[in-house]
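Asker: Have a look at this one.
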Amino acid sequence: MRQNVYSVAQVNSYIKNMFTQDYMLRYLLVKGEISNCKYHSSGHIYFTLKDAKGVIACVMFASNRSGLSFRLEEGQMVVVGGTIDVYERDGRYQLYAKQITLDGAGVLYEKFDHMKRRLEEMGMFAPEYKQPIPAYIRVLGVVTAPTGAAIRDIINIATRRNPYIQIVLYPAIVQGDQAVTSIVNGICALDRLGVDVMIVGRGGGSIEDLWAFNEEAVAQAIFNCRVPIISAVGHETDMTISDFVADLRAPTPSAAAELAVYDFEQLMDKLAVYQSTLTHALQVQIDRQQNCLNQFRLKLRFLSPINQIQQKRTYCMDLEEKLTGLMENALMQQKHRMALYAEQLKGLSPLDKLSQGYAYVEDMQHKVVNDMRRMKIGDSVCIYVRNGMIQAEITKTQEGCLEKEVEDGKGANVGTDI
């Protein structure tokens with residue numbers, strides 16, 4: 000017997016027909032949490048509806064969005080009314096939504112959005128009102144439940160990072176009807192105490208469990224606090240109004256402790272680096288100034304009066320030695336010249352002539368007698384010889400006899416018959 004073979008399209012069409020004939024699937028209400036929500040440019044909304052045990056794909060066409068009074072966002076609890084049908088091309092079924100209303104926690108999400116918009120318009124989220132978190136603190140204030148993982152994590156991490164930190168805990172009620180008043184009182188008490196930084200938060204939970212941190216009274220207390228506040232509510236994916244109002248938001252209480260308390264060992268390492276850098280820079284400056292001082296010392300020694308006098312004295316001694324040499328050389332030259340002049344003068348000296356037998360004759364008026372025609376018989380003359388003077392009287396004269404004797408090679412004295 001041959002079995003029938005069907006195409007994929009036939010099977011998908013048959014299943015779609017079965018969904019269409021099921022009266023209950025024509026319209027039903029499904030409650031769940033919004034997930035993977037996407038607004039398409041065509042106007043359609045694609046999302047997933049989930050609960051603790053399953054998920055279902057949903058789509059709301061643009062033609063049905065007129066009845067939607069709010070914007071779909073992740074985590075909203077909603078009740079979706081529509082038809083479950085099969086999309087033949089993909090062979091999968093999905094919920095075609097015609098109306099969507101908030102339900103239970105979804106109402107809280109809508110209230111959260113309304114509160115967030117209103118406080119933002121009031122300026123409570125403005126960055127200019129945010130206080131900087133001090134880098135180094137001594138007293139850490141904590142507003143949270145005295146029992147639970149949050150306070151244990153904060154204490155463990157804070158003391159591990161800085162064993163000298165002082166932690167002041169205000170044991171607040173963080174869930175229930177009394178939570179808002181307790182949290183506000185804790186913030187005000189630690190503000191009056193004057194802690195350096197305050198952590199306000201709690202561990203994770205549902206939106207109902209965390210709702211106290213979405214109340215306006217808590218937000219106002221955080222905004223009015225003079226101490227910088229770190230909000231640490233729930234897990235990393237949880238967002239509350241306190242996170243927007245606080246000066247800094249931490250994803251978890253453990254992260255808040257790391258943000259608030261500086262790592263002491265890291266600080267010591269950084270200080271050691273700074274000390275080493277400062278010591279090196281100071282040593283460089285000292286060496287540089289020492290070199291300058293040595294240069295100034297040498298310069299001062301060179302320019303000092305004693306050194307200047309010593310240099311001038313040495314210079315004067317050099318000049319004196321040079322002048323002495325020049326003077327001795329000049330004297331030597333002058334002595335040599337004088338010796339030459341003396342020899343020349345000796346050749347011209349009358350005494351030398353007298354020593355050779357010549358005589359010097361002058362009349363009584365001390366005039367040289369070099370012409371016999373000026374003299375007469377009976378005149379007196381003075382005759383100078385080598386060793387004295389002779390006074391004589393002229394008794395005879397003879398003209399031209401000396402020239403003749405010279406020509407004959409004979410010498411004769413002037414004057415005879417004295």
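The C-terminal position of the sequence shown is numbered 417 in numbering that gives the first Met the number 0, with every residue numbered one higher than the one before it. The beta-carbon is built from N, C-alpha and C at its ideal position, and this holds for glycine as well. The structure displayed is predicted, hence computed values, not measured ones.
(1) Give the DSSP-derived three-state secondary structure of E398 in the structure shown.
(2) Just mark N16 as buried or exposed, buried being the case when its beta carbon has 16 or more other beta carbons within 10 Å.
(3) What is the DSSP secondary structure of V226, reduced to helix, strand or coil?
(4) According to DSSP, what are the bridge partners of K115?
(5) Taking the alpha helix (DSSP H) that P304 belongs to, which residues open and close that run?
(6) Classify T143: buried if its beta carbon has 16 or more other beta carbons within 10 angstroms, exposed otherwise.
(7) Our contact map puts Y38 next to V58 with C-beta atoms below 8 Å; I'd like the distance itself, whole angstroms only.
(8) So which of E109, A96, T394, M374 has the shortest CA-CA distance to E73?
(9) Flag this pair as touching only if the segment 280-289 and the segment 146-162 have three or more C-beta atom pairs under 8 Å; answer yes or no.
(10) I want to know whether the segment 124-144 touches the segment 253-263 - three or more CB-CB distances under 8 Å.
(11) Given a cut-off of 8 Å on the beta-carbon distance, is the pair A465 and S181 in contact?
(12) How long is the line joining the alpha carbons of N412 and K321, rounded to whole angstroms?
(13) Taking DSSP as the reference, what is the three-state secondary structure of A178?
(14) Go ahead and pull the three-state DSSP assignment for K375.
(15) Could you give the distance in angstroms between the alpha-carbon of R151 and the alpha-carbon of P252?
(16) Classify E214 as buried or exposed, calling it buried when 16 or more other Cβ atoms lie within 10 Å of its own Cβ.
(17) Would you kindly report the start and end of the unbroken alpha helix (DSSP H) that includes F18?
(18) Can you look up T251 in the DSSP assignment and give me helix, strand or coil?
(19) Does the beta-carbon of R201 have 16 or more other beta-carbons within 10 angstroms, so that it is buried, or is it exposed?
(20) Exposed or buried, what is Q93 when buried is set at 16 or more other beta-carbons lying within 10 Å of its beta-carbon?
(21) Would you say F212 and I240 are within 8 Å of each other, going by their C-beta atoms?
(22) Is it true that the segment 341-359 meets the segment 381-399, where meeting means three or more beta-carbon pairs spaced less than 8 Å apart?
(23) My parser needs the alpha helix (DSSP H) runs of 4 or more residues fully inside the segment 87-156; what are they?
(24) Decide if the segment 259-272 is in contact with the segment 121-138; the criterion is three or more beta carbon pairs, one per stretch, under 8 Å apart.
(25) Is it the case that the Cβ atoms of P250 and Q130 are separated by a distance below 8 Å?
(26) Helix or strand or just coil, what does DSSP make of M238?
(27) Run through the DSSP bridge pairs and tell me what D362 is partnered with.
(28) Between K425 and the rest of its own chain, which residues show a CB-CB distance below 8 Å, the 5 nearest in sequence each way excluded?
(29) Nearest by alpha-carbon distance to N63: which of P349, H43, I393 is it?
(30) Whether or not the segment 66-80 and the segment 28-38 are in contact is what I'm after, with contact meaning three or more pairs of Cβ atoms, one per stretch, closer than 8 Å; do they touch?
(31) When DSSP labels each residue in this structure, what does F69 get in the three-state scheme?
(32) Rounded to whole angstroms, what is the Cα-Cα separation between R296 and G324?
(33) Tell me the residue span of the beta strand (DSSP E) that contains I55.
(34) Ignore the nearest five residues each way along the sequence and tell me which others in D102's own chain have a CB closer than 7 Å to its CB.
(35) Would T415 be called buried (16 or more neighbouring beta carbons within 10 Å of its own) or exposed?
Answerer: Considering the structure as presented:
(1) coil
(2) exposed
(3) coil
(4) According to DSSP, which records beta bridges pairwise, K115 is partnered with nothing at all.
(5) 304-347
(6) buried
(7) Actually they are not in contact, since the Cβ atoms of Y38 and V58 sit about 12 Å apart, beyond 8 Å.
(8) E109
(9) no
(10) yes
(11) No answer is possible for residue 465: the residues shown for the chain start at 0 and end at 417.
(12) Any reading at N412 must be qualified, since the residue scores a pLDDT of 45, below 50, and its modelled position is unreliable; the value itself is stated next. Near 58 Å, if we compare the C-alpha coordinates of K321 and N412.
(13) helix
(14) coil
(15) 9 Å
(16) buried
(17) 7-20
(18) coil
(19) buried
(20) buried
(21) yes
(22) yes
(23) 104-120
(24) yes
(25) no
(26) coil
(27) V380
(28) With the chain represented from 0 up to 417, any question about residue 425 goes unanswered, as that position is not in the structure.
(29) H43
(30) yes
(31) coil
(32) 38 Å
(33) 54-59
(34) K30, M76, V77, V78
(35) Because the pLDDT of T415 is 41, which lies under 50, any placement of that residue in the model is unreliable, and the question is left without a value.
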